[in-house]
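The letter at position 52 of the sequence shown is residue 56 when you use this note's numbering, and the numbering goes up by one with no holes.
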Amino acid sequence: MAELISTSGYAEEADDLFVRYEALSAPETHAHWRHLFPAPPVRTLDIGAGTGRDAAWLASLGHSVLAVEPVETMRRRAAKLHPEPQITWLEDSLPELVNTRARGEAFGMVMMNAVWMHLTADERAIGMDRVAALLVPGGRLFMSLRHGPIPDGRRMFDVTGEETIALAAPSGLRPVSHVRRNSIMSENKARGVEWTALVLEKPS
């Protein structure tokens, strides 16, 4: 059996994922931390942008978005579905974010929704340092961490909010909000899936 990687399963399940993710309202999905978003316009990095749902919503709020997605099938389809001029699509991946860092940009807001738990401990250590370096002073990192049964064909790890806060500290990030909540997807909720919503900030 081939070793699973962080993006395993996404290309194969793209059709189903687009239906399920696009059916969820971005304002509802992010209502719990919407009040912590910086006032627009802010240069925003969406890591693991998936179907582009969140990037499109962030653009509608007045932000300009660099949408990073490593899975070509997802990225090409998302760019067609969400052609907003405020969104730039880029092939890149954690932990190194080589293409993103090569652009020389800094961001006031970074979104990592349902991404972090796909990385190994070593990858998370590297990734946190890279992401922290991309934030402007006062910039915020929004992370959601999945807890619960792992879907077949996926690579996931149970990463706690406390562990992530401790990992972020040497990179200069401090916690602003740390909340554990139920999944808003009915099928995941029935399986006992929960999420940690974590907001970290780079001091000004």
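Cβ atoms here follow ideal geometry from the backbone N, Cα and C, with glycine treated the same way.
- The residue among S68, A83 and L202 with its C-alpha nearest the C-alpha of P74 is A83.
- Per DSSP, the beta bridge partners of E198 are H151 and N186.
- For the pair H151 and V197, the CB atoms are nearer than the 8 Å cut-off.
- Going by beta carbons, T48 and G131 fall outside the 8 Å limit.
- As the crow flies, the alpha-carbon of S64 is around 11 Å from that of R57.
- If you draw a straight line from the Cα of R159 to the Cα of R128, it is about 14 Å long.
- Beta-carbon to beta-carbon, S68 and P87 are separated by about 15 Å, too far to satisfy the 8 Å threshold.
- At the C-beta level, R144 and V203 come within 8 Å of one another.
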